[in-house]
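Engineer: In the numbering used here, the protein residues as written are 926 to 1059.
Rendered as C-alpha cells:
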C-alpha cells in the first residue's frame, strides 16, 4: 500500500511525526484485510472487533513531506485469539528502509470480551485453523 506524506504528517523539523507511523500501520491493516475480502465494517456487524494490545516501531531513517512510502504488511496468528501484523515502510523511489514494526490485535465480541478468531477469517488469511496453545 502506498502513503503520500502530507505537510500535516510532519513535525516542525519537516520529518514525519513519529506517531503518524501508527496511523499508516492502521491503514495498511485495513487495506490488507480488504484485499483479502474482509471488510472491517462487516466483521463488526458479524460480531468480531479487533483491539490493538501491543505496538512496536523501530525507526530506521526519516521520511519527509512529499515522500511516497510503501507499506508492506504480513500477518500471523499468534494464538487462538490474536493476530500480529508486521509492517515494513520503505521509500517508494529509493527503497530506503524508513520504519519496521508490528501490531498485535486481539479479537473481541461486541461486549469487548476476548473471543477465538473465527475459522473463516483464518482461512481467508491463509492461517492455520488449529492451535495447540491458548
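Cβ coordinates follow ideal geometry from the N, Cα and C atoms, glycine included.
(1) In chain order, what are the residue ranges of uninterrupted alpha helix (DSSP H) at least 4 long that sit wholly in the region 937 to 999?
(2) Count the other CB atoms within 10 Å of the CB of residue 1014; is the residue buried (16 or more) or exposed (fewer)?
(3) With a CB to CB cut of under 7 Å and the five nearest residues on each side skipped, what residues in its chain are close to residue 1058?
(4) Any contact between the region 959 to 974 and the region 1019 to 1027? By contact I mean 3 or more CB pairs, one from each, below 8 Å.
(5) Residue 1039 lies in the beta strand (DSSP E); which residues open and close that run?
(6) Just grab the DSSP bridge partners of residue 927 for me.
(7) Pull up the distance between the alpha-carbon of residue 942 and that of residue 979, whole angstroms please.
(8) Span of the beta strand (DSSP E) holding residue 1011?
Structural biologist: So, to answer that:
(1) 945 to 960, 965 to 970
(2) Position 89 of the chain shown, counted from the first residue, corresponds to residue 1014. When all chains shown are included, residue 1014 counts as buried.
(3) The residue you call residue 1058 lines up with position 133 of the chain shown. The pLDDT assigned to residue 1058 is 45, lower than 50, so where the model puts this residue is not dependable; a value taken from the coordinates is nonetheless given after this. Excluding positions up to five away in sequence, the list reads 1004.
(4) Contact fails: fewer than three Cβ-Cβ distances are below 8 Å.
(5) If you number the chain shown from 1, residue 1039 lands on position 114. Note, residue 1039: premise wrong, no beta strand (DSSP E); not H, not E.
(6) Start at 1 with the first residue of the chain shown, and residue 927 comes out as number 2. According to DSSP, residue 927 bridges with 995.
(7) The residue given as residue 942 occupies position 17 in the chain shown. The residue given as residue 979 occupies position 54 in the chain shown. Cα to Cα, the separation comes out at about 20 Å.
(8) Taking the chain shown and counting its residues from 1, the one referred to as residue 1011 is at position 86. That run of the beta strand (DSSP E) goes 1007 to 1016.
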